[in-house]
Structures are given as structure tokens and as C-alpha cells.
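Asks:
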Amino acid sequence: MAAVTSFAARRRAMTAITSFATRRRAVAAVTSFAIVGGLALSAATPAASAETVRPRDGVQADLDRLVSEDTFPAALAAVRTSDGRTRNYTAGVAALGTKRTPPVDGRVRIGSNTKTFVATVVLQLVGEDKVDLDEPIETYLPNLIRGDGIDGRQITVRQVLQHTSGLPGYVDDIAPDFFLLQHTYFEPRDLLDLALADKASFEPGTTWEYSNTNYIVAGLLIQKVTGRPVAEEITNRIIVPLQLRDTYFPRVGEQGIRGRHPHGYYTDDPDKPLQDVTRMDPSWAWAAGAMISSPSDTNRFFTALLAGDLLRPAELDQMRTTVPASPILAYGLGLMSWDLPCGDRAWGHGGDIPGFTTRGGVTEDGRAVTLAVTSTPTTETSANQVDAAVSAALCE
Numbered sequence: 001m002a003a004v005t006s007f008a009a010r011r012r013a014m015t016a017i018t019s020f021a022t023r024r025r026a027v028a029a030v031t032s033f034a035i036v037g038g039l040a041l042s043a044a045t046p047a048a049s050a051e052t053v054r055p056r057d058g059v060q061a062d063l064d065r066l067v068s069e070d071t072f073p074a075a076l077a078a079v080r081t082s083d084g085r086t087r088n089y090t091a092g093v094a095a096l097g098t099k100r101t102p103p104v105d106g107r108v109r110i111g112s113n114t115k116t117f118v119a120t121v122v123l124q125l126v127g128e129d130k131v132d133l134d135e136p137i138e139t140y141l142p143n144l145i146r147g148d149g150i151d152g153r154q155i156t157v158r159q160v161l162q163h164t165s166g167l168p169g170y171v172d173d174i175a176p177d178f179f180l181l182q183h184t185y186f187e188p189r190d191l192l193d194l195a196l197a198d199k200a201s202f203e204p205g206t207t208w209e210y211s212n213t214n215y216i217v218a219g220l221l222i223q224k225v226t227g228r229p230v231a232e233e234i235t236n237r238i239i240v241p242l243q244l245r246d247t248y249f250p251r252v253g254e255q256g257i258r259g260r261h262p263h264g265y266y267t268d269d270p271d272k273p274l275q276d277v278t279r280m281d282p283s284w285a286w287a288a289g290a291m292i293s294s295p296s297d298t299n300r301f302f303t304a305l306l307a308g309d310l311l312r313p314a315e316l317d318q319m320r321t322t323v324p325a326s327p328i329l330a331y332g333l334g335l336m337s338w339d340l341p342c343g344d345r346a347w348g349h350g351g352d353i354p355g356f357t358t359r360g361g362v363t364e365d366g367r368a369v370t371l372a373v374t375s376t377p378t379t380e381t382s383a384n385q386v387d388a389a390v391s392a393a394l395c396e
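Just so you know, the sequence shown maps onto residues 1 to 396 in the UniProt record's numbering.
(1) On the criterion of 16 or more Cβ atoms from any shown chain inside 10 Å, does Asn113 qualify as buried, or is it exposed?
(2) When the Cα atoms are used, what is the spatial distance from Ala218 to Ala346?
(3) Is Ser326 near the ligand GTP, in the sense that its beta carbon is under 7 Å from a heavy atom of that ligand?
(4) Quick one, which of Leu394, Thr86 and Asp352 has its alpha-carbon nearest Thr363's?
(5) Contact between the segment 136-144 and the segment 100-109 is defined here as three or more beta-carbon pairs at a separation below 8 Å; is this criterion met?
(6) For Glu187, is the classification buried or exposed, using 16 other Cβ atoms within 10 angstroms of its Cβ as the cut-off for buried?
(7) Kindly list the residues whose CB is nearer than 8 Å to the CB of Met280, restricted to its own chain and excluding five residues on each side of it in sequence; keep chain order.
(8) Which residue from Pro377, Glu128 and Val323 puts its Cα closest to that of Tyr265?
(9) Would you tell me roughly how many angstroms separate the C-alpha atoms of Ile238 and Thr90, rounded to the nearest one?
(10) CA-CA distance, Leu167 and Thr156?
(11) Look up Gly360 in the DSSP assignment and give the residues it is bridged to.
(12) Within its chain, find whatever has a CB closer than 6 Å to the CB of His263; leave out the 5 residues flanking it on each side and keep chain order.
(13) Compute the distance between the beta-carbons of Gln318 and Leu125, then report whether it is under 8 Å.
(14) Between the beta-carbon of Leu244 and the beta-carbon of Ser293, is there less than 8 Å?
(15) When the Cα of Gly92 is compared with those of Ala75, Val240 and Arg107, which residue comes out closest?
(16) Would you call Arg146 buried or exposed, if buried means 16 or more other Cβ atoms sit within 10 Å of its Cβ?
(17) Please look up how many angstroms separate the CB atoms of Val323 and Ala77, rounded, as I've assumed it's under 8 Å.
(18) Please look up how many angstroms separate the CB atoms of Asp62 and Ala372, rounded, as I've assumed it's under 8 Å.
(19) Taking Arg359 as the reference, give the member of Ser82, Ser382, Ala307 and Asp268 with the closest Cα.
(20) When burial is assigned at 16 or more other CB atoms within 10 Å of the CB, is Val79 buried or exposed?
(21) Can the beta-carbon of Ser296 be found less than 8 Å from the beta-carbon of Asp105?
(22) Counting only the same chain and skipping the five closest in sequence on each side, list residues whose C-beta sits under 8 Å from that of Thr379.
(23) If you draw a straight line from the C-alpha of Leu340 to the C-alpha of Ile216, how long is it?
(24) Pop quiz: Arg107 and Arg260 are said to be a contact at Cβ under 8 Å. What is the actual Cβ separation, rounded to whole angstroms?
(25) Report buried or exposed for Pro73, applying the criterion of at least 16 other Cβ atoms within 10 angstroms of its Cβ.
(26) Alpha carbon to alpha carbon, how far is Asp387 from Thr298?
(27) With a cut-off of 8 Å on the beta carbons, I'd call Asn212 and Val171 a contact; round off their distance for me.
(28) By the DSSP assignment, the beta strand (DSSP E) with Gly219 in it spans what residues?
(29) State the Cα-Cα distance for the pair Gly308 and Thr120, rounded to the nearest angstrom.
(30) Look up Ala8 in the DSSP assignment and say whether it is helix, strand or coil.
In C-alpha cells form, the structure reads like this:
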């Protein structure tokens with residue numbers, strides 16, 4: 001496939017991706033629980049494959065339905081009970097056209113769960129007195145955030161992390177042809193320039209709207225303050241200390257998924273067949289959604305975060321201080337909360353990227369789940385079924 005060579009062509013190609021926020025709003029209108037992703041409690045107990053779980057296991061039954069009724073090629077999940085027991089589950093096939101089962105606890109693209117890693121690093125810098133949440137972003141990225149109704153002198157770091165900045169999304173303008181950019185590399189500044197070509201969505205601090213642009217800015221802030229790549233800071237501050245062996249930020253130009261992984265599939269039209277998009281350049285998502293992990297590693301990260309292993313109490317409290325994002329969702333600093341059907345409260349995020357959708361949550365008493373499917377939902381019904389499986393696992 002030929003590379004996209006001009007900025008204008010790149011802008012046209014960028015219309016390929018479906019906005020996580022746009023789909024979230026559509027799903028929220030027809031479901032009583034939030035779509036969230038990849039939050040769970042870690043445990044060192046042995047994993048169990050789909051073949052070793054109890055025959056009546058509700059989680060396995062839900063994963064089987066996601067494959068048989070909602071036609072996801074595969075589903076993977078890691079589930080932890082409040083007493084610390086952990087099981088891993090799989091359903092479906094590792095790749096369409098084969099009979100190979102998905103790898104237990106295989107690596108997947110975790111999409112916007114990346115935002116929680118990025119927010120954690122920014123809050124660590126806050127704890128080190130290198131960043132102030134209520135300081136204008138201009139302080140750290142001078143003369144960079146400018147546009148129609150956009151002024152970095154009026155936007156705080158907190159507003160960037162909480163999606164209350166008013167920065168327009170660079171993904172939301174996209175028309176449907178992801179396949180034009182599947183193998184195209186984008187610099188972070190390309191993404192920011194795409195966003196700043198549009199007018200502000202609203203005055204900073206006046207409302208909430210999900211925008212990937214906020215986390216492109218947050219990634220640039222990390223690099224400016226530390227003098228190091230955002231991927232390196234995430235690795236050294238989070239991945240290595242927590243020994244997340246299946247988690248990484250792809251290298252520049254890296255298109256494959258390292259290690260054991262299922263294939264990921266995507267279509268831009270529900271009436272067209274799924275296409276294999278396992279190999280892609282995730283640079284268009286960068287600090288907003290490029291990372292790769294496994295269900296159990298994703299669990300371990302969020303567990304450590306909420307347990308206070310990565311942030312001091314003051315910064316963790318700031319992260320968990322939320323604003324309304326919808327009738328059913330509240331958003332903190334790179335972290336969401338919502339009420340489960342069983343009455344408990346859960347914390348997490350979500351991840352959508354062509355080929356993979358990741359959902360999960362963790363309750364206050366330690367019940368946790370991360371679930372991934374190997375294509376992005378093409379209907380509200382299929383999206384709701386993924387969310388329902390997460391809620392059922394958390395409420396069991």
C-alpha cells in the first residue's frame with residue numbers, strides 16, 4: 001500500500017477512525033451501564049484456559065456468546081474475584097480461517113487505556129513538583145496551543161487530562177477509510193496540527209467532551225518536562241516497576257504485535273467482511289491510544305494505580321475527582337467511574353482501536369475484570385453485549 005505523502009492526504013486519510021467518544025455517546029443512549037475498559041486487580045494465581053473453567057461458568061458463557069451471536073472472531077478475559085482468585089478465559093479463534101484457539105492472556109492493542117498510563121505519569125510529575133495541575137498548558141508548551149478560539153494560556157493541565165479543555169478532536173473529522181492510513185506514520189505534531197485546524201469545541205472548563213487531542217498534548221507535555229520520549233517515561237515509571245511483561249509502547253514505525261497474540265479485524269461497513277488489521281502503524285493514536293498489553297497486565301496496572309502504588313494519596317485523590325461525562329459516567333484525570341447494575345461502583349477506562357476493543361473495571365472490594373474482543377463492534381447491540389459481559393463478571 002502506498003504511503004500517504006502529503007499533509008492534505010493525511011488529513012483525508014485520518015477520517016478512517018471511529019471516535020471513541022462518539023461511539024460512547026451512542027451506546028450510552030441505549031444501555032444502563034457504561035462502556036469502560038481494562039481495569040482489574042492483579043493476582044499471581046495460575047491462569048486457566050477456556051477448556052479448564054467450570055462448565056456453567058457465566059464468564060465463559062458470555063465470551064462464547066460474544067463469538068457465536070455477536071460474531072467477534074475471539075474474546076479474551078482475565079477475571080479476579082474479591083478473594084484474590086484469578087481465571088483467564090478465551091473463546092473463538094486466534095485468526096479467521098483457522099481452528100487455532102486464541103492465546104490465553106494474549107497481547108492486544110488496548111487503545112485509550114493508554115490515556116490512564118499517560119495521566120499517571122503527568123500526576124507523578126505533579127508529585128515531583130515539576131508540573132502544576134492548575135497551571136496553563138502554555139507554561140510547559142509555550143506558543144504551541146493556538147487556533148480558532150484556542151489559547152494554551154487559558155487551558156490548564158487539569159482540563160487537558162479531564163477532557164474539559166475544549167480542544168477539538170483530530171479523529172472526529174474523519175471519513176471512513178482507515179485502510180488508507182493503516183501503514184502510515186504520523187508525528188505527534190501532525191496530529192496536533194490536524195486538531196488545531198478546527199475551532200475550539202467550547203470555552204475551557206465549561207463542559208466535558210472526550211477528545212484524543214488532549215492526550216496528544218499530555219504526551220508532548222511529558223516529553224517537554226522530562227526531556228525524554230513519552231514511551232520511555234511510561235516504561236521506566238510504570239511498566240518496569242510493576243513488571244508488566246506483556247505491556248509496551250510500540251517503537252517508532254513498529255506495526256506488528258510482539259509475542260503471543262490473536263489477530264485483530266476491522267471493517268468500515270457492517271455489510272462488508274472483516275479485514276485483518278493486526279499489522280498497523282498506531283502512531284495516529286500515539287499517547288492517546290497506541291499501547292499494547294494483555295488482560296492480566298492491564299489488571300495489574302490498574303490495581304497498582306488504585307492501591308496507591310504509583311501515585312501519592314494527594315495525586316490519586318486528584319485523579320479520582322470527577323466531573324459528569326454522561327448520565328452514567330464520571331471522568332477524573334484519565335480515569336472513569338460508573339455504577340454497576342448490582343449497586344457497586346467501578347473504576348476504569350476503555351479502549352477502542354481498529355482490530356481490538358477492551359473493556360473492564362474494578363470494584364472497591366477487589367472484584368475485577370479485563371475483557372478484549374478482536375474486532376471493533378459494528379452495532380450498538382454488539383457493543384452493549386461486551387459491556388454486559390463486563391458488568392456481569394464484576395457483579396458475580
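The beta-carbon is built from N, C-alpha and C at its ideal position, and this holds for glycine as well.
Replies: On the basis of the data shown:
(1) buried
(2) 25 Å
(3) This structure lacks the ligand GTP; in fact it carries no ligand of any kind.
(4) Leu394
(5) no
(6) exposed
(7) Gln182, His183, Gln255, Pro354 and Gly355
(8) Pro377
(9) 27 Å
(10) 11 Å
(11) Thr370
(12) Ala95, Asp276 and Thr278
(13) no
(14) yes
(15) Ala75
(16) exposed
(17) Between Ala77 and Val323 the Cβ distance is about 30 Å, and since that is not below 8 Å, they are no contact.
(18) The Cβ separation is near 13 Å, so there is no contact.
(19) Ser382
(20) buried
(21) yes
(22) Pro270
(23) 31 Å
(24) 7 Å
(25) buried
(26) 17 Å
(27) 5 Å
(28) Looking at the DSSP string, Gly219 is not in any beta strand (DSSP E); the run it does join, the alpha helix (DSSP H), is Thr213 to Thr226.
(29) 11 Å
(30) Residue confidence for Ala8 is low, a pLDDT of 44 falling below 50, so the modelled location carries little weight; the figure read from the coordinates is stated next. In the structure shown, Ala8 sits in a helix (DSSP, three-state: H, G or I).
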